[in-house]
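Counting in my numbering, the sequence shown runs from 62 upward without gaps. Where a beta carbon is used, it is the ideal one built from N, C-alpha and C, also for glycine. Notes follow once the structure below has been shown.
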Amino acid sequence: MTNSTSSLEQLAEQVAKNAYSPYSTFSVGAAIRTAAGNVYSGCNVENVSSGLTVCAERNAVGAAIAAEGKSMKVEEVFVTNFNAEGATVHCSPCGACRQVLAEFSSPDTKVTYRGAENDIETNMGQLLPDGFTF
Ligand code: THU
Numbered sequence: 062m063t064n065s066t067s068s069l070e071q072l073a074e075q076v077a078k079n080a081y082s083p084y085s086t087f088s089v090g091a092a093i094r095t096a097a098g099n100v101y102s103g104c105n106v107e108n109v110s111s112g113l114t115v116c117a118e119r120n121a122v123g124a125a126i127a128a129e130g131k132s133m134k135v136e137e138v139f140v141t142n143f144n145a146e147g148a149t150v151h152c153s154p155c156g157a158c159r160q161v162l163a164e165f166s167s168p169d170t171k172v173t174y175r176g177a178e179n180d181i182e183t184n185m186g187q188l189l190p191d192g193f194t195f
């Protein structure tokens, strides 16, 4: 793991502690490094009206866009999690988050997330082949 990936990991771990997840008790943290070299993070924010829950990855994208504007490009993503027992489990970015990340990234954008045993290093092209566009 490169130094920049491990600093994204630390940021994702830190922000996961701020997750608002009283309904699922599942906390997720995402950290993004942009092409401009900045880092942003987001955690999941749940709602009593379940459909209004926003995932960590999409909140991180929102923070990056708010800071850098429409030219923001995602260079690398790290996603971590922990459950009610404090255990980290396999959790890949959901389909909605893949589509949102794809909006601001390229197929070779690196994405790392937790697997059952080891971290899984992949890229956006693998995560969302033939994503929606028009
Ligand atoms: N969650 C994320 O934050 N990111 C994902 O990619 C998958 C799911 C959150 C949403 C919800 O708060 C909790 O995990 C359980 O679904």
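Can you find a heavy atom of the ligand THU that lies under 7 Å from the Cβ of V89? yes
Taking only the alpha-carbon atoms, compute the straight-line gap between K171 and Y84 and give it to the nearest angstrom. 30 Å
Threshold first: 3 residues or longer. Then list the beta strand (DSSP E) segments lying entirely within the region 97-158, N to C. 100-104 and 135-143
So, under 8 Å CB-CB, N120 and V106 are touching, yes? Tell me the CB distance rounded to an integer number of Å. 6 Å
Identify whether N184 lies in helix, strand or coil by the three-state DSSP scheme. strand
Distance CB(F165)-CB(V122) smaller than 8 Å: yes
Beta-carbon within less than 6 Å of M114's beta-carbon, same chain only, minus the 5 sequence neighbours each way: which residues are those? The question names Met, yet the displayed sequence has Thr at residue 114. Once the five neighbours on either side are set aside, the close Cβ partners of T114 are E107 and N108.
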